[in-house]
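Numbering (my numbering), first residue to last: 4 to 64.
Glycine included, every Cβ here is placed at the ideal spot set by N, Cα and C.
Since this is a predicted model, take the numbers as computed values, not measurements.
The next block holds one structure in the form of structure tokens; read it before the comments.
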């Protein structure tokens with residue numbers, strides 16, 4: 004179980020690092036836009052992201 008959690012964490016780090024590595028200017032602009040969003044919008048984006056992740060995990064497992 005711990006190995007699966009660490010593998011998942013490693014994949015998160017890999018995927019999170021792709022955009023700043025490939026296109027740092029676009030990544031910086033995206034972060035600036037995200038910092039200007041209100042809390043409700045960010046929470047909604049987070050909820051949708053978690054939900055999609057759970058669905059994908061359910062389908063794969």
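Alpha carbon of residue i to alpha carbon of residue j, nearest angstrom
{"i": "residue 36", "j": "residue 21", "result": "19 Å"}
{"i": "residue 16", "j": "residue 31", "result": "17 Å"}
{"i": "residue 19", "j": "residue 25", "result": "11 Å"}
{"i": "residue 63", "j": "residue 6", "result": "17 Å"}
{"i": "residue 28", "j": "residue 38", "result": "15 Å"}
{"i": "residue 60", "j": "residue 50", "result": "15 Å"}
{"i": "residue 46", "j": "residue 11", "result": "22 Å"}
Run of the alpha helix (DSSP H) containing residue i, from where it starts to where it stops
{"i": "residue 28", "result": "27-39"}
{"i": "residue 53", "result": "42-63"}
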